[in-house]
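Terminal number for the sequence shown in the UniProt record's numbering: 383, no gaps in between. Note that CB positions come from ideal geometry on N, CA and C, so glycine has one too. No experiment lies behind these values; they were computed from the predicted model shown. Scroll down for the structure; my scribbles are underneath it.
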Amino acid sequence: MIEIRTATEADWPAMYAQDVHAFGSPFEAEAAPLIRRTLDLDRFVVARDTTDDALVGVAGSFDLTLTVPGGAQLDAPGVTWVSVAPSHRRIGVLRKMLDELHSRYRAAGNAVAILTASEGTIYERFGYGVATYVDEVTIARRTARLRDPLPGPLRTRITEGAAAREAVEELYRRWHAATPGSASAEQFWELFHADPEWARWGGSARRFLLHPDGYVTYRVDEKDRAELEDVKALTAEAAADLWQTVLGLDTFDEVLVDLPPDHPLREMLMDPRSVKVTGRKDRLWLAFLDVPAALEARTYETDGDVVLGVDGTAYRLTVTGGVARCRATDEAPSVALTGPTLAGLYLGAVAPSTMARAGRIEGDFGALSLFRTDRQPELGTSF
């Protein structure tokens, strides 16, 4: 028999060992206390096999906020540390854990839950769909020059120590408030600033470039390339200043960075061939716990009125002046889709027409055009 219950401190050693085995993490023993401080065990469940009390599953969440189009910030559990022992796969352990967590989130009034996935085929059956993407980009630094370079001196500065830590935290809070698709990061700053060797994945210590309205963090990788971890800019001027600084790092031939698919960098450069997209990957996954609350939380660029069917339940969504009202209804829907498909539309990652061409929308997909946004959503952190 499998027992699902809230994790306790006594479970922690087995939880940590389970995570290391599940993900092949190269964590040293000294990593455990630092990682433990990022977790609230009251937000975690464990699965134990009552025949021998072995821990066979772990799942939990961080207490995060998610910015949606229009600037509202939803309380959004960031599901994390999800794993099942290989001895107990495909017997419903994962479903039991996620059902328990989702029940708790609904009771707490959460409209959505979010996660980042280690595999792309696990979470759709639990209601999650991809809500943000990033492009993996390689920049040929020696040929990349801004179309409209700023006159020197630039405002970006190399910064270290406490000054960098304080500035980055405040800049990220501002960026999170302004960026749809982004998640809060307060729980991760201690680990971020500690920058232990085991968290560098072969790269150098983290380096900081700070502007009053943005920042870049990067490492030097094993091939002597600059690998940008963060590029956060609050204004177009800050973005240009930061990119001009990055492109002036003369030591490096190549710069690697993950950017949202509609990032303007290519259009900022004289030579568009200096930017090469080498891949695209999913980042944020989202599940609806309360469809009306989630749809009412964001704003819309166009007004409209549509009855949509989501996983067999009909909702009337009425948008007036960009503000939505959504209620369950007995009316027949004019368009139908699944929760995971709606997740792709919710923050603006995927156009309704694209989902329709993929066969994921039935009916009048044009009625869903009100979900379109003027920019791609961006997660901005990892959890």
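Quick check: residue i and residue j, are their CB atoms within less than 8 Å of each other?
i, j, result
"I114", "G71", "no"
"T121", "L284", "no"
"A183", "L379", "yes"
"L368", "L269", "no"
"S204", "V220", "yes"
"V319", "G309", "no"
"P38", "L191", "Here residue 38 turns out to be Thr, not Pro, going by the sequence shown. In this structure, L191 lies closer than 8 Å to T38 by Cβ."
"residue 387", "T299", "What the structure shows of the chain is the stretch from 1 to 383, and residue 387 is not part of that stretch, so it cannot be assessed."
"A111", "L347", "no"
"A213", "T179", "The residue asked about is misnamed: residue 213 is Asp in this sequence, not Ala. No, the Cβ-Cβ distance between D213 and T179 is not below 8 Å."
"G210", "T156", "The sequence as given places Leu at residue 210; Gly does not occur at that position. Closer than 8 Å, so yes."
"T373", "M355", "no"
"V130", "A358", "no"
"A226", "F208", "no"
"G363", "S334", "yes"
"F62", "Q187", "yes"
Quickly, what does DSSP pair residue i with across the bridge? List them, please.
i, result
"F192", "Answer is none; F192 lacks a bridge partner."
"T320", "V323"
"R5", "V46"
"V307", "R316"
"S61", "V79"
"W285", "L115, V130"
"E170", "According to DSSP, E170 bridges with nothing at all."
"A233", "G214"
"T67", "Q73"
"L39", "In the DSSP output, where bridge partners are listed per residue, L39 has none listed."
"L55", "R48"
Which of the three DSSP states is assigned to residue i in this structure?
i, result
"K96", "helix"
"H88", "helix"
"W12", "helix"
"A47", "strand"
"Q376", "coil"
"D271", "coil"
"G359", "coil"
"A162", "helix"
"F365", "helix"
"A332", "coil"
"R280", "strand"
"D258", "strand"
"L370", "helix"
"L247", "coil"
"L265", "helix"
"L337", "strand"
"Y300", "coil"
"D290", "coil"
"S353", "helix"
"F252", "coil"
"G348", "coil"
"F23", "helix"
"A29", "coil"
Exercise. Kindly provide the ranges of any alpha helix (DSSP H) runs that are 4 or more residues long and lie completely inside the region 172-230, ordered along the chain.
Key: 189-194
Quiz item: Quick one: any contact between the region 129-146 and the region 255-267, if contact means 3 or more CB pairs under 8 Å?
Solution: yes
Quiz item: Which parts of the region 71-159 are runs of the beta strand (DSSP E), unbroken and 3 residues or longer, counting only runs that do not cross its ends?
Solution: 73-84, 112-115, 133-140, 157-159
Exercise. Taking 8 Å as the threshold, find out whether the region 291-300 comes into contact with the region 313-327 through three or more Cβ pairs.
Key: yes
Quiz item: Would you call the region 45-62 and the region 7-15 in contact, with 3 or more CB pairs under 8 Å?
Solution: yes
Quiz item: Using 8 Å as the Cβ pair cut-off and three pairs as the minimum, do the region 94-110 and the region 235-245 touch?
Solution: no
Quiz prompt | the region 82-91 touching the region 32-46, judged by at least three CB pairs closer than 8 Å | solution = no
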